[in-house]
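For the sequence shown, the UniProt record's numbering begins at 1 and goes up steadily by one.
Note that CB positions come from ideal geometry on N, CA and C, so glycine has one too.
What follows is a single structure, written as structure tokens, with notes after it.
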Amino acid sequence: MANYSSRREREEMQELLRAYQNLKSGRAASFLEEEDFERIIDYFDDQENVPAALEAATLGLEHFPFAAQLMYRKADFLIAQHHFEEALAVLDKAALYDATDISLYILQTDAYLGLEQPEKAARILEESVQLFEGEERIELLFELADVYDDYEDFQKVFDCLKWILEEDPNNEEALLKICFWADFTGRSEESIRLHQWITDEHPFNELAWFNLAAAFQGLKLYEKAIDAYQYALAIDDKLDIAYRNMGDAYIRIRKYKDAIECLEKVLELSRPEEVIFEAIGHCYHKLENYPQARFYYRKASHINPDDSRIYYKIAITYYREMKFDKAIRQMEPATRIHRNQPDFNLLLGDCYTQLNKLKEAAQHYAAVVKAKPKNLRGQEALIGVLLQGEFYEEALLQSRNAFELTKGNPLFLYSNSAALFGLGKTKEALLELEHALSVHPQGFKKMVDMVPGILQVNRVIDPANAYLKKKGKK
Numbered sequence: 001m002a003n004y005s006s007r008r009e010r011e012e013m014q015e016l017l018r019a020y021q022n023l024k025s026g027r028a029a030s031f032l033e034e035e036d037f038e039r040i041i042d043y044f045d046d047q048e049n050v051p052a053a054l055e056a057a058t059l060g061l062e063h064f065p066f067a068a069q070l071m072y073r074k075a076d077f078l079i080a081q082h083h084f085e086e087a088l089a090v091l092d093k094a095a096l097y098d099a100t101d102i103s104l105y106i107l108q109t110d111a112y113l114g115l116e117q118p119e120k121a122a123r124i125l126e127e128s129v130q131l132f133e134g135e136e137r138i139e140l141l142f143e144l145a146d147v148y149d150d151y152e153d154f155q156k157v158f159d160c161l162k163w164i165l166e167e168d169p170n171n172e173e174a175l176l177k178i179c180f181w182a183d184f185t186g187r188s189e190e191s192i193r194l195h196q197w198i199t200d201e202h203p204f205n206e207l208a209w210f211n212l213a214a215a216f217q218g219l220k221l222y223e224k225a226i227d228a229y230q231y232a233l234a235i236d237d238k239l240d241i242a243y244r245n246m247g248d249a250y251i252r253i254r255k256y257k258d259a260i261e262c263l264e265k266v267l268e269l270s271r272p273e274e275v276i277f278e279a280i281g282h283c284y285h286k287l288e289n290y291p292q293a294r295f296y297y298r299k300a301s302h303i304n305p306d307d308s309r310i311y312y313k314i315a316i317t318y319y320r321e322m323k324f325d326k327a328i329r330q331m332e333p334a335t336r337i338h339r340n341q342p343d344f345n346l347l348l349g350d351c352y353t354q355l356n357k358l359k360e361a362a363q364h365y366a367a368v369v370k371a372k373p374k375n376l377r378g379q380e381a382l383i384g385v386l387l388q389g390e391f392y393e394e395a396l397l398q399s400r401n402a403f404e405l406t407k408g409n410p411l412f413l414y415s416n417s418a419a420l421f422g423l424g425k426t427k428e429a430l431l432e433l434e435h436a437l438s439v440h441p442q443g444f445k446k447m448v449d450m451v452p453g454i455l456q457v458n459r460v461i462d463p464a465n466a467y468l469k470k471k472g473k474k
């Protein structure tokens with residue numbers, strides 16, 4: 001029966017199209033009703049033949065000049081062909097016959113947007129919203145939100161979505177959109193009040209619970225966020241984005257085992273992602289379970305082998321286990337991708353230092369200093385390894401440069417002193433040490449860190465102790 005009906009409809013449409021062609025060509029006397037023209041327009045529209053649809057609407061208006069619906073259809077196709085001014089003229093005429101159709105205001109909006117006049121488009125919608133209720137008002141509010149988005153009045157985008165939810169608290173599209181805009185516009189507190197009202201009125205609305213949780217998370221109220229995510233998941237335990245965000249919240253409050261549980265649930269419910277594997281690896285890293293951390297970091301690197309940071313993180317796990325050779329080997333792919341990344345060279349320098357390969361360590365620390373001359377960690381590491389390797393001239397030169405670059409950081413007065421002691425310039429070294437102690441006595445520990453053997457030199461210990469005791473009495 002359905003096939004018969006479908007065949008009959010096709011035959012009727014073909015007959016209608018023949019009558020339409022006859023009317024166009026004037027070959028035979030044909031008469032078409034207004035509804036016939038609408039069906040023909042729909043046919044061409046379905047075929048995505050905009051010129052033919054526009055022609056049918058124009059011909060229809062020649063026979064039914066007061067048909068507002070045909071005017072709306074014509075304006076729609078004119079807009080599709082970027083004839084915006086002509087479309088507005090047609091719509092002005094249509095408004096004289098039927099100003100109660102929502103299509104009038106939506107098409108006017110589209111035309112003004114096409115003319116790059118978003119303020120006029122917004123004004124039309126702002127006025128028309130007051131004329132409608134229910135679903136039509138909501139449709140206009142969505143249109144208005146899009147217009148505000150186009151000309152970057154983002155606060156009003158949030159206002160429109162809030163208005164929609166006040167009218168229809170279960171509107172899924174608005175619930176999905178407002179979560180982003182609450183965070184983007186910094187209106188998390190307002191979002192909390194809105195969604196608390198929705199969850200009070202509609203306690204089984206999982207998206208409202210999710211948005212409430214996200215708003216709490218935006219304000220760093222992680223425990224409250226976790227509670228709200230759990231409500232959302234109690235309603236819909238397949239809501240993978242809730243597990244993802246809850247995992248992040250647990251990481252923020254350092255509950256890494258709970259975070260792992262949430263993130264593993266994400267892997268069950270959605271396709272594997274680098275960021276999830278990396279986050280699980282991070283949690284195991286924080287729990288000092290380095291083999292498991294590497295397992296998940298490697299899964300992340302398999303998805304994105306060009307992410308140098310993952311290899312770096314794997315290398316850090318080996319460093320923590322004091323497996324310095326393995327850490328260096330792991331850094332090879334990272335440095336192939338980003339050779340001059342300061343953090344990478346810093347880690348390699350630390351590894352070579354631990355292996356007492358001071359020349360290699362110095363090369364990597366020098367790369368850090370070259371990339372970031374004012375980086376204290378890099379400067380200290382380079383100077384420290386030069387002192388350790390007894391390259392005192394180079395250490396002194398580097399220390400004085402660092403002092404200038406860091407605008408007189410007193411820590412480098414201590415490294416100046418250590419280098420001068422190494423060069424046998426004891427008098428100068430003591431003067432530099434005394435100056436350093438007077439400016440920043442706490443920095444003496446840094447000198448000891450860089451040159452542990454310095455504690456065996458009485459001429460260093462005596463002034464240091466004397467100065468520190470003197471400061472203590474004050």
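Anticipated Cβ contact below 8 angstroms, residue i with residue j, distance rounded
i	j	result
Leu104	Ala95	6 angstroms
Ala67	Leu61	7 angstroms
Ala419	Tyr392	5 angstroms
Ala249	Tyr284	Rounded, the Cβ-Cβ distance is 18 angstroms, inconsistent with contact.
Leu107	Leu91	6 angstroms
Glu274	Asp236	Between Asp236 and Glu274 the Cβ distance is about 26 angstroms, and since that is not below 8 angstroms, they are no contact.
Leu347	Tyr312	7 angstroms
Ala300	Glu278	4 angstroms
Cutoff 7 angstroms; reference residue i; Cβ partners in own chain excluding five residues on either side
i	result
Tyr318	Lys326, Ala327, Gln330
Arg187	Phe158
Leu140	Ile102, Tyr105, Leu125, Ser128, Val129, Phe132
Ile337	Asp306, Ser308
Glu202	The amino acid at residue 202 is misidentified as Glu; the sequence shows His. Result list for His202: Pro169, Asn170, Ala208, in chain order.
Gly114	Ile79, His82, Phe84
Phe216	Ile192, Lys224, Ala225, Ala228
Lys372	Pro342, Gly378
Phe44	Ala52, Ala53, Ala56
Lys177	Leu161
Lys473	Because Lys473 carries a pLDDT of 48, less than 50, the predicted location of this residue cannot be relied on, and the following value inherits that uncertainty. Excluding sequence neighbours, Lys473 sits near nothing in its chain.
Arg18	none
Glu11	none
Residue i - DSSP class collapsed to helix/strand/coil
i	result
Pro51	helix
Lys156	helix
Asn3	Because Asn3 carries a pLDDT of 45, less than 50, the predicted location of this residue cannot be relied on, and no value is offered for it.
Lys370	helix
Met71	helix
Ile253	coil
Ser270	coil
Glu390	coil
residue 478	Because the chain is modelled from 1 through 474, residue 478 falls outside the range shown and cannot be assessed.
His285	helix
Pro169	coil
Phe64	coil
His195	helix
residue 478	The first residue shown for the chain is 1 and the last is 474, placing residue 478 beyond what the model contains.
Thr406	coil
Lys474	Low confidence applies to Lys474: its pLDDT is 48, below 50, so where it sits in the model is not reliable, and the reading given next is rough at best. If DSSP states are grouped into helix, strand and coil, Lys474 belongs with coil.
Gln81	coil
Ala384	Per the sequence shown, residue 384 should be read as Gly rather than Ala. Gly384: helix per DSSP, three-state reduction.
Phe421	helix
Ala99	coil
residue 481	What the structure shows of the chain is the stretch from 1 to 474, and residue 481 is not part of that stretch, so it cannot be assessed.
Leu37	One point to set straight first is that residue 37 is Phe, not Leu, in the sequence displayed. It is helical.
Glu321	coil
Contacts around residue i, its chain only, beta-carbon distance under 6 angstroms, and the 5 residues preceding and following it disregarded
i	result
Lys446	Leu411, Tyr414
Glu34	Phe64, Ala67
Ile383	Ala395, Gln398, Ser399, Ser415
Glu360	Tyr352
Gly389	Leu358
Leu219	Ser188
Thr185	Phe154, Gln155, Phe158
Val266	Asp240, Tyr243, Arg244, Ile276
Leu287	Tyr256
Sequence-distant residues of its chain with Cβ nearer than 8 angstroms to residue i (five each side left out)
i	result
Lys39	Contrary to the premise, residue 39 reads as Arg rather than Lys in this sequence. Taken in chain order, the residues that qualify are Met13, Leu16.
Asp449	Gly384
Asp149	Val157
Ile316	His285, Ala327, Leu347
Glu86	Leu78
Boundaries of the alpha helix (DSSP H) in which residue i is found, first to last residue
i	result
Asp183	172 to 184
Thr109	102 to 114
Leu233	222 to 235
Met450	444 to 450
Arg294	290 to 303
Does the segment 430 to 437 come close enough to the segment 366 to 377 that 3 or more CB-CB pairs lie under 8 angstroms? In short, these stretches do not touch, since the Cβ pair count stays below three.
Could you check whether the segment 301 to 309 touches the segment 281 to 291, counting it as contact only if at least three pairs of C-beta atoms, one from each stretch, sit closer than 8 angstroms? no
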